[in-house]
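Inspection log for the structure reproduced underneath, given as structure tokens.
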Amino acid sequence: MNKYFFILLLSYPLIIMGQVTDLSLDFFKSKRDEFRKELPEASVAVLFSAPIRNRANDVNYVYHQDPNFYYLTGWKEPHAVLLIYKEAQRDDQGIFYNKIFIRSPDPIDEMWNGKYTTIQEALSMGFDRVDIRDNFSRKTPDFSYFDEVLLFEFKNDERDNPADPFDLYDLKKSFKEKINFPEIYDRKKYVLYQKIKNVEESSADSLRIEVQGLVSRDSTLLEDQILKDFLESSHLDALNEIRQKSAFAIKDYNFDLEKLPQIMKGLREIKTEEEIELIRKAAFFSAVGQVEVMKAIHPGMSEREIQGIHEFVYRKYGAADQGYPSIVGAGGNACVLHYIENNKFELNNELVLMDLGAELSGYTADVTRTIPSTGTFTPDQRLLYEIVYASQEKGIQAAVIGNSFIDIYKASFDAIALGLIELGIIKTTTEAKKYFPHGVSHHIGLDVHDPGNYGLLAANMIITVEPGIYIPEGSPCDPKWWNIGIRIEDDILITEKGPKNLSSFAPRKWDEIEKIIQQKSPLDDFNLPSAESLSK
Ligand code: GLY
Ligand code: MN
Ligand code: MN
Numbered sequence: 184m185n186k187y188f189f190i191l192l193l194s195y196p197l198i199i200m201g202q203v204t205d206l207s208l209d210f211f212k213s214k215r216d217e218f219r220k221e222l223p224e225a226s227v228a229v230l231f232s233a234p235i236r237n238r239a240n241d242v243n244y245v246y247h248q249d250p251n252f253y254y255l256t257g258w259k260e261p262h263a264v265l266l267i268y269k270e271a272q273r274d275d276q277g278i279f280y281n282k283i284f285i286r287s288p289d290p291i292d293e294m295w296n297g298k299y300t301t302i303q304e305a306l307s308m309g310f311d312r313v314d315i316r317d318n319f320s321r322k323t324p325d326f327s328y329f330d331e332v333l334l335f336e337f338k339n340d341e342r343d344n345p346a347d348p349f350d351l352y353d354l355k356k357s358f359k360e361k362i363n364f365p366e367i368y369d370r371k372k373y374v375l376y377q378k379i380k381n382v383e384e385s386s387a388d389s390l391r392i393e394v395q396g397l398v399s400r401d402s403t404l405l406e407d408q409i410l411k412d413f414l415e416s417s418h419l420d421a422l423n424e425i426r427q428k429s430a431f432a433i434k435d436y437n438f439d440l441e442k443l444p445q446i447m448k449g450l451r452e453i454k455t456e457e458e459i460e461l462i463r464k465a466a467f468f469s470a471v472g473q474v475e476v477m478k479a480i481h482p483g484m485s486e487r488e489i490q491g492i493h494e495f496v497y498r499k500y501g502a503a504d505q506g507y508p509s510i511v512g513a514g515g516n517a518c519v520l521h522y523i524e525n526n527k528f529e530l531n532n533e534l535v536l537m538d539l540g541a542e543l544s545g546y547t548a549d550v551t552r553t554i555p556s557t558g559t560f561t562p563d564q565r566l567l568y569e570i571v572y573a574s575q576e577k578g579i580q581a582a583v584i585g586n587s588f589i590d591i592y593k594a595s596f597d598a599i600a601l602g603l604i605e606l607g608i609i610k611t612t613t614e615a616k617k618y619f620p621h622g623v624s625h626h627i628g629l630d631v632h633d634p635g636n637y638g639l640l641a642a643n644m645i646i647t648v649e650p651g652i653y654i655p656e657g658s659p660c661d662p663k664w665w666n667i668g669i670r671i672e673d674d675i676l677i678t679e680k681g682p683k684n685l686s687s688f689a690p691r692k693w694d695e696i697e698k699i700i701q702q703k704s705p706l707d708d709f710n711l712p713s714a715e716s717l718s719k
């Protein structure tokens, strides 16, 4: 065989695989193992898949799995439940630590909507036990046997399909009955009863301060006799009595809604090599989208057209979706932080803020550039742009191991405040909040705002650094600054060697942006027939 042909054969599938990369089954399996290590003794965690959401009439939104469920399973189908046990469970086949309940085959639905994963296939994905959801109620253990049943708060946002006795709604309903979940559940009180029940005498005072703080924000808590008595209890006998009353108030419940989110935050905030690879690609695709729009932009473009170019670019790379609704706002629209209408048809000479993220195998990027539609920043636009750029530089420099998210915020905020004071837009540092009203950094991952503890930065976290200045019309400053919104946002991998910018393919400096805008775009010659020419 010709040597070059052989190389071509080898590399072709790799390129295809590169476009559709997914996480390995080992990833999900090891995440279940890590998760189990974090569980308290004698506990079980129960997680449900995301509901199917209806768009209108008989059309549903594209199904999107719950990220926590996906992270522990790799499962992309609805109506599923996962149980992970701290201790080994035993059945006639031996011991097991986890079990997933899935849909049973349904030839009619599969004809319309695609094949369901079978029990055999699910077993080959590495679950210890797989059963059909129809058996969930009958074949789950007596939950009172466990010291704790960990779960996420019920959102009550799934619809019951009366024709399906085992849909997600019914699965949750039967589970609630099994764990004796109260009809009316006051989470705040339940958590406080738990804390009071377990409080040592030496920490009672600090718990009183915590309860007092909550009461000052929500005075209805004072209507609760146990909480009231606890705040007034000053000697040990009284404390003992209140501990007993708290224990009695929650004696019928062994579920816990606090620990599961906490465990997931700890796991998800540190990315594995596989996750980093997906986000690295998603960030690169998103940055290429920014560059292609820079080349193509002109004042006659619409916000929607710009959105389309970005989304086309990352779909061309094989990304299935965007990780959050795309934000393309020109002029004053850029001052609406999460503007998603994207329906302005003339860009004039405004700055255009573009905040978009490709989603690859569930992992999303989150990248923003702000560019002049004419190709050239006006002097005033440039002055503001350079402040945001300097602020982002400071923020990125602060994104190092051992620093906190607050360190990044402070570094970015101070630069914005200084710049705005120098331009005479504000007089004092605190006023900068008016024009820079959001945080600077968040984790990204399966969620665009990924869960994390938001403590100190550590290696293999991926966070955004995204300062901005937004001056809506009517702001108390010279009207020449009105209707300008600027955000620059990059995805930063925290490493031992310092911050690594995963979205750096898209230039951030004003002069580099202007240079790219001069370049020719394949879209310059992309003309479509006019709708006006249609005969009436
Ligand atoms: N795109 C949402 C955000 O930047 O947080
Ligand atoms: Mn962001
Ligand atoms: Mn963003």
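184 is the number of the first residue of the sequence shown in my numbering; add one for each residue after it.
Ideal Cβ positions, reconstructed from N, Cα and C, are used throughout, including at glycine.
C-alpha gap between residue i and residue j, whole angstroms
{"i": "Phe-688", "j": "Asn-318", "result": "51 angstroms"}
{"i": "Ile-701", "j": "Gln-564", "result": "Checking the displayed sequence, the identity of residue 701 turns out to be Gln instead of Ile. The alpha-carbon atoms of Gln-701 and Gln-564 are separated by roughly 18 angstroms."}
{"i": "Leu-443", "j": "Leu-333", "result": "6 angstroms"}
{"i": "Asn-666", "j": "Gln-395", "result": "44 angstroms"}
{"i": "Pro-705", "j": "Ala-479", "result": "8 angstroms"}
{"i": "Ile-475", "j": "Ala-517", "result": "According to the sequence as given, residue 475 is Glu; it is not Ile. Cα to Cα, the separation comes out at about 20 angstroms."}
{"i": "Glu-452", "j": "Gln-377", "result": "27 angstroms"}
{"i": "Thr-204", "j": "Ile-367", "result": "Low confidence applies to Thr-204: its pLDDT is 47, below 50, so where it sits in the model is not reliable, and the reading given next is rough at best. C-alpha separation (whole angstroms): 44 angstroms."}
{"i": "Arg-552", "j": "Lys-322", "result": "53 angstroms"}
{"i": "Phe-326", "j": "Ala-228", "result": "11 angstroms"}
{"i": "Gly-578", "j": "Leu-543", "result": "26 angstroms"}
{"i": "Ser-556", "j": "Val-471", "result": "18 angstroms"}
{"i": "His-418", "j": "Ala-430", "result": "19 angstroms"}
{"i": "Gly-607", "j": "Ile-652", "result": "14 angstroms"}
{"i": "Pro-196", "j": "Tyr-500", "result": "Bear in mind that a pLDDT of 33 at Pro-196, under 50, signals an unreliable position, so the number given afterwards is only what the model happens to contain. Near 14 angstroms, if we compare the C-alpha coordinates of Tyr-500 and Pro-196."}
{"i": "Ile-199", "j": "Gln-505", "result": "Any reading at Ile-199 must be qualified, since the residue scores a pLDDT of 34, below 50, and its modelled position is unreliable; the value itself is stated next. Taking the straight line joining both Cα atoms gives about 20 angstroms."}
{"i": "Phe-252", "j": "Leu-405", "result": "37 angstroms"}
{"i": "Gly-668", "j": "Leu-711", "result": "31 angstroms"}
{"i": "Val-264", "j": "Thr-301", "result": "15 angstroms"}
{"i": "Ala-346", "j": "Lys-454", "result": "41 angstroms"}
{"i": "Asp-694", "j": "Glu-331", "result": "59 angstroms"}
{"i": "Ile-459", "j": "Lys-527", "result": "36 angstroms"}
Own chain, CB closer than 8 angstroms to residue i, minus 5 neighbours either side, in chain order
{"i": "Ala-271", "result": "Ile-278, Phe-279, Tyr-280"}
{"i": "Asp-369", "result": "none"}
{"i": "Ile-699", "result": "Val-474, Met-477, Lys-478, Pro-690"}
{"i": "Glu-494", "result": "Gly-472, Gln-505, Ser-509, Leu-539"}
{"i": "Ile-285", "result": "Trp-258, Glu-260, His-262, Ala-263, Tyr-299, Thr-300, Ile-302, Ala-305, Val-313, Asp-314, Ile-315, Arg-316"}
Beta-bridge pairing of residue i - partner residues as DSSP gives them
{"i": "Ala-513", "result": "Val-535"}
{"i": "Ala-541", "result": "Gln-505"}
{"i": "Ile-285", "result": "Ile-315"}
{"i": "Gln-445", "result": "Answer is none; Gln-445 lacks a bridge partner."}
{"i": "Arg-273", "result": "Ile-278"}
{"i": "Arg-670", "result": "Gly-651"}
{"i": "Ile-675", "result": "Ile-646, Asn-684"}
{"i": "Arg-691", "result": "Paired residue(s): none; Arg-691 is not in a bridge."}
{"i": "His-626", "result": "Ile-646"}
{"i": "Leu-639", "result": "Ser-587"}
{"i": "Val-242", "result": "Ala-239"}
{"i": "Val-550", "result": "Leu-539"}
{"i": "Val-332", "result": "Val-227, Phe-438"}
{"i": "Pro-555", "result": "Leu-534"}
Contact set for residue i: own chain, Cβ-Cβ below 7 angstroms, skip 5 residues either direction
{"i": "Val-374", "result": "Glu-441"}
{"i": "Phe-218", "result": "Leu-255, Ile-267, Ile-446, Leu-450"}
{"i": "Asp-311", "result": "Phe-279, Tyr-280, Asn-281, Lys-282"}
{"i": "Lys-448", "result": "Pro-634, Gly-635, Asn-636"}
{"i": "Ser-207", "result": "Glu-457"}
{"i": "Ser-469", "result": "Tyr-497, Leu-539, Gly-540, Ala-541, Ala-548, Val-550, Ser-686"}
{"i": "Gly-558", "result": "Glu-697, Ile-700, Gln-701"}
Contacts around residue i, its chain only, beta-carbon distance under 6 angstroms, and the 5 residues preceding and following it disregarded
{"i": "Phe-588", "result": "Ser-624, Tyr-637"}
{"i": "Ile-646", "result": "Ser-624, His-626, Ile-675"}
{"i": "Leu-640", "result": "Ile-584, Asn-586, Ile-677"}
{"i": "Ser-357", "result": "Ser-320"}
Exercise for the section: Give me every residue whose Cβ sits closer than 7 angstroms to any heavy atom of ligand 2, in chain order. Expected result: Asp-549, His-625, Val-631, Thr-647, Glu-649, Glu-672
Exercise for the section: Please confirm if the region 615–634 is in contact with the region 593–600, defined as three or more CB-CB distances below 8 angstroms between the two stretches. Expected result: yes
Handout entry: Meets three-Cβ-pair contact criterion under 8 angstroms: the region 503–519 and the region 479–487
Key = yes
Handout entry: Cβ contact (3+ pairs, closer than 8 angstroms) linking the region 489–496 and the region 566–573
Key = no
Practice task
Determine contact between the region 670–689 and the region 580–590, defined as no fewer than three beta-carbon pairs at a distance below 8 angstroms.
Solution key: yes
Exercise for the section: Could you tell me whether the region 351–364 touches the region 225–236, using the rule of 3 or more Cβ pairs below 8 angstroms? Expected result: yes
Exercise for the section: Evaluate contact between the region 419–426 and the region 376–393, counting only Cβ atoms and requiring at least three cross-stretch pairs below 8 angstroms. Expected result: yes
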